[in-house]
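Undergrad:
In my numbering, the protein residues as written are 120 to 521.
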């Protein structure tokens, strides 16, 4: 069978620290003033009369971004309290070497600034195309946020040979399990202890300290997404399967659980996994999570969930509930991908749960957390910081199976 590919333009940001220079400060202030005047309604001629000695592209970029911001504000009716623009420049407004960048400054005179990229960033820039970027002032220092772009061929998710189910939760930020139609791969667990600790600190601290805590939470999400994609790359032609979470349940709990649910960054983590996977050429599909947490991944019978434990009423197995959900997600995607091939579907369905499946077994005890055998190499846990049958919708590059 011939594999069909779709070409996507994938973009990502690259943050590079820059040399501190008075001319950068001057350029940044000029752009900020031009942006505020453009937002207030100044035309190009008026701005040129105010800043006659600077490159005209600085004025053009300020006008472009100010008009774009005004359209967004009018659309969502959310007016900013302060205007803190970052210096925006297009691909033609700068050129970059390994340790130096030249940006527009004055007519026929470009500003040379030393930058300090890492080896991985230099390699990444050599493999991609440089688009626009921003000069951002952060904590009194300047950074270049460059936008990289490359064309990536992503095969159709139905032609994948391995499906990686990713269940996102609170006790475990994410649990991954792989299924190729014959056997399951080793599951991967990401503990949520530090996330809960940061939420507790954020709840009790002043809003002035939230920035530090929010940065740490974003770092955790990026690390989890990166390791999930690395886990998927170990398998042949993988496809990442996630839940199509449309909204938060209206059910209420105690104050602490309500706060955890309000701080649950499930969609943000899904977005990070999706863009990192597409950068590596891995397709992502979203499936309906109906009963994925209440059906046994071994026998397919409905069971009982008690906290982080799952108990099957038919085969009497006791499993980690989040792992069981991730395995069911992988099985659901496999069933729909192979539904046109009845023989392959039956072979994979009969093989699921048999043989060397590496599935962790927990004890059904509501007073204790699920204990994973640390001596068993098949159970991998990661402590961050501390250590077709249904309708298919395609929108914004997302494949959603209802």
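Beta carbons are placed, not taken as given, at the ideal position from N, Cα and C, and that holds for glycine.
Tell me which same chain residues have a C-beta within less than 7 Å of the C-beta of residue 134, skipping the five on either side of it?
TA: Along the chain shown, one-based indexing puts residue 134 at 15. Same-chain partners within the cutoff: 262, 264.
Undergrad: With DSSP collapsed to three states, give me the class of residue 425.
TA: As a first step, residue 425 is located in the chain shown; it is residue number 306 there, counting from the start. In this structure, residue 425 counts as strand in the three-state DSSP scheme.
Undergrad: Where does residue 138 sit, in a helix, a strand or coil, going by DSSP?
TA: In the chain shown, counting from the first residue as 1, residue 138 sits at position 19. In this structure, residue 138 counts as coil in the three-state DSSP scheme.
Undergrad: If we require 4 or more residues per run, which alpha helix (DSSP H) segments fall completely within the stretch 157 to 212?
TA: Entirely contained in the stretch 157 to 212, the alpha helix (DSSP H) runs reaching 4 residues are, in chain order, 163 to 169, 175 to 195.
Undergrad: Alpha carbon to alpha carbon, what distance is there between residue 340 and residue 405?
TA: On the chain shown, residue 405 is found 286 positions in, with the first residue counted as 1. On the chain shown, residue 340 is found 221 positions in, with the first residue counted as 1. Rounded to whole angstroms, residue 405 to residue 340 spans 19 Å at the Cα level.
Undergrad: Report the rounded CA-to-CA distance for residue 363 versus residue 398, giving the unit in angstroms.
TA: Translated into positions along the chain shown, residue 363 becomes position 244. Translated into positions along the chain shown, residue 398 becomes position 279. The straight-line gap from Cα to Cα measures roughly 21 Å.
Undergrad: With residue 432 as the anchor, note down where its alpha helix (DSSP H) starts and where it stops.
TA: As a working mapping, residue 432 is identified with position 313 in the chain shown. Here residue 432 belongs to no alpha helix (DSSP H), and DSSP marks it neither H nor E.
Undergrad: Could you check where the alpha helix (DSSP H) with residue 291 kicks off and where it finishes?
TA: Position 172 of the chain shown, counting from 1, holds the residue named residue 291. No alpha helix (DSSP H) holds residue 291; the beta strand (DSSP E) holding it covers 291 to 298.
Undergrad: Return yes when the Cβ of residue 457 is within less than 9 Å of the Cβ of residue 354, no when it is not.
TA: Translated into the one-based positions of the chain shown, residue 354 becomes position 235. Translated into the one-based positions of the chain shown, residue 457 becomes position 338. The answer is no: Cβ separation not under 9 Å.
Undergrad: Can you tell me which of the three DSSP states residue 362 falls into?
TA: Taking the first residue of the chain shown as position 1, residue 362 is located at position 243. Residue 362: strand per DSSP, three-state reduction.
Undergrad: Since residue 75 and residue 295 are thought to touch, with beta carbons under 8 Å apart, how far apart are those beta carbons, to the nearest angstrom?
TA: No answer is possible for residue 75: the residues shown for the chain start at 120 and end at 521.
Undergrad: For residue 160, which residues of its own chain have a beta-carbon under 7 Å away from its beta-carbon, when the five flanking residues on both sides are left out?
TA: Along the chain shown, one-based indexing puts residue 160 at 41. Hits under 7 Å: none found.
Undergrad: Ignore the nearest five residues each way along the sequence and tell me which others in residue 138's own chain have a CB closer than 6 Å to its CB.
TA: As a first step, residue 138 must be located in the chain shown, where it is residue number 19. Around residue 138: 232, 233.
Undergrad: How many whole angstroms separate the CB atoms of residue 298 and residue 450, which I take to be in contact at a CB cut-off of 8 Å?
TA: Indexing the chain shown from 1 puts residue 298 at position 179. Indexing the chain shown from 1 puts residue 450 at position 331. Confirmed, Cβ separation roughly 6 Å.
Undergrad: Since residue 259 is in the alpha helix (DSSP H), which residue starts that stretch and which ends it?
TA: Locating residue 259 in the chain shown gives position 140, where the first residue counts as 1. No alpha helix (DSSP H) holds residue 259; DSSP gives it neither H nor E.
Undergrad: Taking C-alpha atoms, which residue in 412, 254, 332 lies nearest to residue 144?
TA: Sequence index remark: in the chain shown, residue 144 carries index 25 (1-based). Looking at the Cα atoms, 254 is the closest of the given residues.
Undergrad: Under a three-way DSSP split, which group does residue 270 fall into?
TA: In the chain shown, residue 270 corresponds to position 151, counting from 1. In this structure, residue 270 counts as strand in the three-state DSSP scheme.
Undergrad: Which whole-angstrom value is the C-beta distance of residue 443 and residue 415, which I expect to be below 8 Å?
TA: In the chain shown, counting from the first residue as 1, residue 443 sits at position 324. In the chain shown, counting from the first residue as 1, residue 415 sits at position 296. Rounded, the Cβ-Cβ distance is 7 Å, consistent with contact.
Undergrad: Do the CB positions of residue 235 and residue 136 come within less than 9 Å of each other?
TA: For this step, residue 235 is matched to residue 116 along the chain shown. For this step, residue 136 is matched to residue 17 along the chain shown. Yes.
Undergrad: Please name the residue, chosen from 412, 180, 433, that lies closest to residue 441 on a Cα-to-Cα basis.
TA: Position 322 of the chain shown, counted from the first residue, corresponds to residue 441. It is 412 whose Cα lies nearest to the Cα of residue 441.
Undergrad: For residue 140 and residue 256, I'd like the C-alpha separation in whole angstroms.
TA: In the chain shown, the residue the question calls residue 140 occupies position 21. In the chain shown, the residue the question calls residue 256 occupies position 137. Spanning the two alpha carbons is a distance of roughly 12 Å.
Undergrad: Work out the CA separation of residue 155 and residue 201 for me, nearest whole Å.
TA: Walking along the chain shown from the start, residue 201 turns up at place 82. Walking along the chain shown from the start, residue 155 turns up at place 36. The straight-line gap from Cα to Cα measures roughly 10 Å.
Undergrad: Short of 8 Å in beta carbon distance, which residues of its chain neighbour residue 132, apart from the five on each side in sequence? Order them along the chain.
TA: The residue you call residue 132 lines up with position 13 of the chain shown. Hits under 8 Å: 264, 265, 266, 267.
Undergrad: Can you tell me the Cα-Cα spacing of residue 324 and residue 331, whole angstroms?
TA: Residue numbering aside, residue 324 sits at position 205 when the chain shown is read from its first letter. Residue numbering aside, residue 331 sits at position 212 when the chain shown is read from its first letter. Whole-angstrom Cα-Cα distance: 11 Å.
Undergrad: Based on Cα-Cα distance, which residue from 213, 309, 428 lies nearest to residue 248?
TA: Indexing the chain shown from 1 puts residue 248 at position 129. Measuring from the Cα of residue 248, the nearest candidate turns out to be 213.
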